[in-house]
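Line by line, the protein sequences give chains Y and P. Under the working numbering, the first residue of the first sequence carries the number 21, and numbering increases by one thereafter. Under the working numbering, the first residue of the second sequence carries the number 21, and numbering increases by one thereafter. The next block holds one structure in the form of C-alpha cells; read it before the comments.
2 protein chains.
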Amino acid sequence: MEAVTARTVGLGILGHGTVGAAFVRLVQQQADAIAARSGIRLEVAKVAVRDASRHADVLGAVAVGDVDGVVGDPSVHLVVELMGGIEPARRAILAALAAGKPVVTANKALIAAHGAELFAAADAAGTDLLFEAAVCGGIPLIRPLRESLRGEPIRRVLGIVNGTTNYILTKMTEDGAAYADALAEAQRLGFAEADPSADVDGHDAAAKIAIIASIAFGQSVTASDVHTEGISRVAPADIAMARRLGYEVKLLGVAEHDRGTHSVSVRVHPAMVPRTHPLASVRDSFNAVVVDGDAAGSLMFYGRGAGGGPTASSVLGDVIDAAINLVRGAHASIGALVAPKVRPMSELSCEYLIPLEVVDEPGVLHAVTGVFAHNAVSIRAAEQEGAGTGARLVFLTHDANEAAVQRCLAELAGLDVVAHVGGILRVIPE
Amino acid sequence: MEAVTARTVGLGILGHGTVGAAFVRLVQQQADAIAARSGIRLEVAKVAVRDASRHADVLGAVAVGDVDGVVGDPSVHLVVELMGGIEPARRAILAALAAGKPVVTANKALIAAHGAELFAAADAAGTDLLFEAAVCGGIPLIRPLRESLRGEPIRRVLGIVNGTTNYILTKMTEDGAAYADALAEAQRLGFAEADPSADVDGHDAAAKIAIIASIAFGQSVTASDVHTEGISRVAPADIAMARRLGYEVKLLGVAEHDRGTHSVSVRVHPAMVPRTHPLASVRDSFNAVVVDGDAAGSLMFYGRGAGGGPTASSVLGDVIDAAINLVRGAHASIGALVAPKVRPMSELSCEYLIPLEVVDEPGVLHAVTGVFAHNAVSIRAAEQEGAGTGARLVFLTHDANEAAVQRCLAELAGLDVVAHVGGILRVIPE
Numbered sequence: 021m022e023a024v025t026a027r028t029v030g031l032g033i034l035g036h037g038t039v040g041a042a043f044v045r046l047v048q049q050q051a052d053a054i055a056a057r058s059g060i061r062l063e064v065a066k067v068a069v070r071d072a073s074r075h076a077d078v079l080g081a082v083a084v085g086d087v088d089g090v091v092g093d094p095s096v097h098l099v100v101e102l103m104g105g106i107e108p109a110r111r112a113i114l115a116a117l118a119a120g121k122p123v124v125t126a127n128k129a130l131i132a133a134h135g136a137e138l139f140a141a142a143d144a145a146g147t148d149l150l151f152e153a154a155v156c157g158g159i160p161l162i163r164p165l166r167e168s169l170r171g172e173p174i175r176r177v178l179g180i181v182n183g184t185t186n187y188i189l190t191k192m193t194e195d196g197a198a199y200a201d202a203l204a205e206a207q208r209l210g211f212a213e214a215d216p217s218a219d220v221d222g223h224d225a226a227a228k229i230a231i232i233a234s235i236a237f238g239q240s241v242t243a244s245d246v247h248t249e250g251i252s253r254v255a256p257a258d259i260a261m262a263r264r265l266g267y268e269v270k271l272l273g274v275a276e277h278d279r280g281t282h283s284v285s286v287r288v289h290p291a292m293v294p295r296t297h298p299l300a301s302v303r304d305s306f307n308a309v310v311v312d313g314d315a316a317g318s319l320m321f322y323g324r325g326a327g328g329g330p331t332a333s334s335v336l337g338d339v340i341d342a343a344i345n346l347v348r349g350a351h352a353s354i355g356a357l358v359a360p361k362v363r364p365m366s367e368l369s370c371e372y373l374i375p376l377e378v379v380d381e382p383g384v385l386h387a388v389t390g391v392f393a394h395n396a397v398s399i400r401a402a403e404q405e406g407a408g409t410g411a412r413l414v415f416l417t418h419d420a421n422e423a424a425v426q427r428c429l430a431e432l433a434g435l436d437v438v439a440h441v442g443g444i445l446r447v448i449p450e
Numbered sequence: 021m022e023a024v025t026a027r028t029v030g031l032g033i034l035g036h037g038t039v040g041a042a043f044v045r046l047v048q049q050q051a052d053a054i055a056a057r058s059g060i061r062l063e064v065a066k067v068a069v070r071d072a073s074r075h076a077d078v079l080g081a082v083a084v085g086d087v088d089g090v091v092g093d094p095s096v097h098l099v100v101e102l103m104g105g106i107e108p109a110r111r112a113i114l115a116a117l118a119a120g121k122p123v124v125t126a127n128k129a130l131i132a133a134h135g136a137e138l139f140a141a142a143d144a145a146g147t148d149l150l151f152e153a154a155v156c157g158g159i160p161l162i163r164p165l166r167e168s169l170r171g172e173p174i175r176r177v178l179g180i181v182n183g184t185t186n187y188i189l190t191k192m193t194e195d196g197a198a199y200a201d202a203l204a205e206a207q208r209l210g211f212a213e214a215d216p217s218a219d220v221d222g223h224d225a226a227a228k229i230a231i232i233a234s235i236a237f238g239q240s241v242t243a244s245d246v247h248t249e250g251i252s253r254v255a256p257a258d259i260a261m262a263r264r265l266g267y268e269v270k271l272l273g274v275a276e277h278d279r280g281t282h283s284v285s286v287r288v289h290p291a292m293v294p295r296t297h298p299l300a301s302v303r304d305s306f307n308a309v310v311v312d313g314d315a316a317g318s319l320m321f322y323g324r325g326a327g328g329g330p331t332a333s334s335v336l337g338d339v340i341d342a343a344i345n346l347v348r349g350a351h352a353s354i355g356a357l358v359a360p361k362v363r364p365m366s367e368l369s370c371e372y373l374i375p376l377e378v379v380d381e382p383g384v385l386h387a388v389t390g391v392f393a394h395n396a397v398s399i400r401a402a403e404q405e406g407a408g409t410g411a412r413l414v415f416l417t418h419d420a421n422e423a424a425v426q427r428c429l430a431e432l433a434g435l436d437v438v439a440h441v442g443g444i445l446r447v448i449p450e
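Written as C-alpha cells, this is what we have:
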C-alpha cells in the first residue's frame, strides 16, 4: 500500500446503496471541515458498485465493479464496507485487515454472526475494525460501551432497537389499530419492507442485541443464541389492558448478565414497560437503548436507528477515528471475547400477561385458574370482557418461572373451553 | 517519573470528597476486571486530602496532605483532579500536564472558565486532558461529541443539565407545588444545597452548556458568555397554562450555531418544551441532552447527572482511556478552539409566554395589548383568570424578537394597571 502522505487517507467504499450514497455525499461535504479539525483529509479513492456504468455520473472514475480490486488498490488506505450480507463482505473485510487496512462496517448481520472471528483478525493485524453503524444507525452506542463504560460493571441492557416494530406498536397503542392494519400503514409509508418478517419476527432486533451483549459482557453472543419472539401476536386489547395497569408495550431486546455464574440471558420479545421508565416514551420509529450499570445507574441513548443520513453519520465518525489511528499507528481493540455462557430461557423469572379467548359458559374461569394453580403460577390481576359468542380473559401473573408458564400455556391450549391462547407479554419490573 | 512498567499505571488523586471516595472504591473493585480486559493495572498511588490523618483508616499510607507532592511524586503517572474550584486545581493540572502526566478532571467550573488554556497546555505537552465527568456526571456526552460526531455538523444542543432544578420543576408540574415549597422539599431530600443559588439561578447549567458549546462548535465559550436566567420566577399557574397548550416547562441549556455567520447563541432559561419532544418526559433529578445534527438527526443522551457513583464511573472511563493512551504513547486532542463569536441575546427570535398580574377593571386588556401592538409583538393565545382583587393575564406570542419583547416587558411594568410582570418562558419549536 502507498504511504499515507500528508495525512491524506484514501477510502475504498464497498457498496453504493442508500447508506453508501449518503456516506459519499457526507464525506464530500465535510472533508474540508474534518481536515481543519483533525488534520486528516479523507478522499473517496474507489467505490465498488455492482454496475459501474450506472454510477458513472456521480462517481466518475472512482467507481469500479470489483470488490477485491477496491480492497487491494494501493490508493485505498481504509475500507468502508456498506454492502450488507455475509459474503462477499466477510471475505473482503478479512482481506483488508490482513493487508493492514482498517475497516469500518455497518453490517449488522455479519457482525452478529461472525463478530468474534473478525475482531480477532483485526487484533492479529493490529488495525481497527469499527462498527458503530451496525447497531441502531446514528446512535452512538458501541463507542460508549467500548470506551466510556469500560470500567463500569454492566448488569443489563434494554433496547428498542427496531424502528419498524416500534412504529407499528405506537400506531396500535395510540390509534387502537389492529396489527395487520398498522403493518400495512408502515409498509405504505416505507417504514416496513414488502416482506416484513426480519423486522416483525424480531430477527433484526436479535442481531443487534447479540452485538450489544457481546460488547457489554465480553462474550461472543451470536443471533442464534437469542431467544426471539416478534410482535405479530400482540393484540390492541392487550396493549389497552397493559396501559390500564400503567405500562406501555414495546418490542425489547434484553441482555442480562449474572455476576455469580457469569451467564447471560439474551432475548427479544414484546414486553410491558412501566410508564415511568425512560423507554416508555420512545415513540414512532425512534430507537433507544438503556444501559444499567452498577455505578453509573441507568443511561439511555436515543435517536434514529436507521436511514441513510444517520447511518452515514455514524460510519463517518468511525472512519475519522480509524483514519486518525492509522496516521498515528495506533488502533482500538475490544479485547478477546470468551465463548458465550447462555442461560436457558426456561430459567427466566418475571411477571407475565397472558390473554385467552374462551367460550362464555359456567365453570370456565374455574377450569382455567386450575391450570395456573397446579403449575404454581400465581395470578396478580385478571380481566374478563365479552367477545362475540365467547369471552376474553386476560391474566397478569406474579413473578413466575418461564418453564412453568410455558407448561400452563400448553395445557390451556388443550382445554375444550379455551378457543385461543394469545401472545404473552413479559413485564419489565419498575 | 518512573517508567510505566508492566502496564501498571499509578494514579495520583487530588481530593477525597464524595466523588473522590467513590472513585477510589470503584478502582479497587474494578482493578482486576480492567486488567483482564485492557491489560492495564490501575493503582491508587497517592491521594491528596486536606487532613491526611482523617483519612488514614481508609487510605493508609497513600494519603498525603500536599497537592504538589502528589502531582510530582514519581509513582504517580496519571493525575485525577476531584477537588473542584479554580485554584489550586488549575495550577495542579498545568503542573501535571507540563510533566507529561495525563489528567482526568470532573471540575466543571474550571473547564468552563479556563478550558481553552488547559486544552492548549495538554496539546503542547502531547498528553491527555479528559473531562467527561465535568458535564452531566455519569452520562457519556463529551466523548460522543468529540469522537462519534466528529464528522457531523451540529446545529443545536438542548439540555436538561441540572438535576436540582429539574426535580423542583417536576414537583411544581406534577403536584402543583409553589416554587418555594418545591425548593424546600428538594433541600430536605438533599437534592438542593442550603444555598441553592448556583442551581436555581442557572449558573451550574451555564457552566455545563458553555463546555458543551465549546466542544460542539470548536469555540472557547465560557460561562460568562452564557445568557443565564434561573427558575425562581416560574409560577405553577404558568406551568399549568403551558401544559394546556401542549408543553412541559424545563430549565434548558441551549447552544445554537449559525452556519452563515459562524456565530453561536448560548443561553440558560426556563423554556416550554413540546410534549412530543424527547426532553419533555425527562423527570425528577435526571439529566438529558439532545444533539441536533444535520445527518444524524436528533440524538438524546440521558442519565444521572450527578452523584458520587455516576460521576466516579465517568471518571474511571476517562482514566482507563488516558492510561491506555499513556502506555501506547498516544493522546487525544480536541483541536484548537477559536475565540467565541457570541450572538447577542437581543437578536433571538422565538415565541414567548408572558404572565402579568393586573388590576381587574375596564380597559386593562386594551391598555396591555396596546403595548404589545406598538412593539410589533403579535399575540397567538391569551388566558385571563381572577386572582383575588386583581386578575392574571397570560399571553403566548407568535415568533417575536427578544429586544422587542424586553421593551414590551419594561413598558408593561410601567403601566398603572399592571401590578406585576411574571417570569417569561421561551418556547422551543416542534
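The beta-carbon is built from N, C-alpha and C at its ideal position, and this holds for glycine as well.
Taking the alpha carbon of residue i as the reference point, which residue from the options has its own alpha carbon closest?
i, options, result
"Y:LYS121", "Y:VAL44, Y:GLY390 and Y:ILE344", "Y:ILE344"
"Y:ARG348", "Y:THR147, Y:VAL47 and Y:VAL397", "Y:THR147"
"P:THR409", "P:PRO298, P:VAL241, P:ARG446 and P:ASP380", "P:ASP380"
"P:VAL181", "P:GLY89, P:MET320, P:GLY37 and P:ASP215", "P:MET320"
"Y:GLY383", "Y:SER168, Y:ALA243, Y:GLY329 and Y:ALA411", "Y:ALA411"
"Y:ARG263", "Y:LEU271, Y:VAL293, Y:SER240 and Y:GLY280", "Y:VAL293"
"Y:HIS394", "Y:GLN239, Y:CYS428, Y:ASP419 and Y:LEU376", "Y:CYS428"
"P:VAL2", "P:LEU336, P:HIS440 and P:PHE415", "Missing from the structure shown is residue 2 of chain P; chain P here goes from 21 to 450 and no further."
For residue i, decide whether its Cβ has a neighbour in chain P, counting only Cβ atoms nearer than 9 Å.
i, result
"Y:ARG163", "yes"
"Y:ALA233", "no"
"Y:ILE33", "no"
"Y:PRO298", "yes"
"Y:ALA332", "yes"
"Y:GLN50", "yes"
"Y:MET103", "no"
"Y:GLU172", "yes"
Just checking: is the beta-carbon of residue i within a distance shorter than 9 Å of some beta-carbon in chain Y?
i, result
"P:GLY317", "yes"
"P:THR193", "no"
"P:ILE399", "no"
"P:ILE54", "yes"
"P:PHE392", "no"
"P:VAL302", "yes"
"P:VAL24", "Any reading at P:VAL24 must be qualified, since the residue scores a pLDDT of 47, below 50, and its modelled position is unreliable; the value itself is stated next. So, not an interface residue."
"P:GLY40", "no"
So, with DSSP's three-state summary, where would you put residue i?
i, result
"Y:GLY263", "For clarity, residue 263 of chain Y is Arg in the given sequence; the question names Gly instead. The answer is helix: DSSP assigns Y:ARG263 an H, G or I state."
"Y:HIS289", "strand"
"P:ASP380", "coil"
"P:VAL447", "strand"
"Y:GLU392", "Residue identity check: residue 392 of chain Y is Phe in the sequence provided, not Glu. Helix, per DSSP."
"Y:LEU299", "helix"
"Y:LYS228", "helix"
"Y:HIS386", "helix"
"P:SER318", "strand"
"Y:VAL438", "strand"
Would you say the beta carbon of residue i comes nearer than 8 Å to a heavy atom of the ligand MG?
i, result
"Y:SER369", "Summarising the ligand content, the structure contains no ligands, and the ligand MG is consequently not present."
Quiz prompt | Sequence ranges, beta strand (DSSP E) only - wholly within the stretch 118-189 of chain P, length at least 3 | solution = 123-125 and 174-180
Exercise. Could you pull out every unbroken beta strand (DSSP E) segment of at least 3 residues lying fully inside the stretch 40-118 of chain P, listed in chain order?
Key: 61-68 and 98-101
Exercise. Using a Cβ-Cβ cut-off of less than 9 Å, give me the residues of the stretch 130-147 of chain P that come near chain Y, in sequence order.
Key: none
Quiz item: Quick one, which residues of the stretch 264-276 of chain Y are near chain P if we go by CB-CB under 9 Å, in chain order?
Solution: none
Quiz item: Closer than 8 Å, Cβ to any Cβ of chain P: which residues of the stretch 340-353 of chain Y, in chain order?
Solution: ILE340, ASP341, ARG348 and ALA350
Quiz item: At a Cβ cut of 9 Å, what residues of the stretch 217-242 of chain Y count as close to chain P, listed as they run along the chain?
Solution: GLY238
Quiz item: When Cβ atoms are compared, which residues of the stretch 106-131 of chain P fall closer than 9 Å to chain Y?
Solution: none
Quiz prompt | Near-chain P residues of the stretch 419-437 of chain Y (beta-carbon distance less than 8 Å), N- to C-terminal order | solution = none
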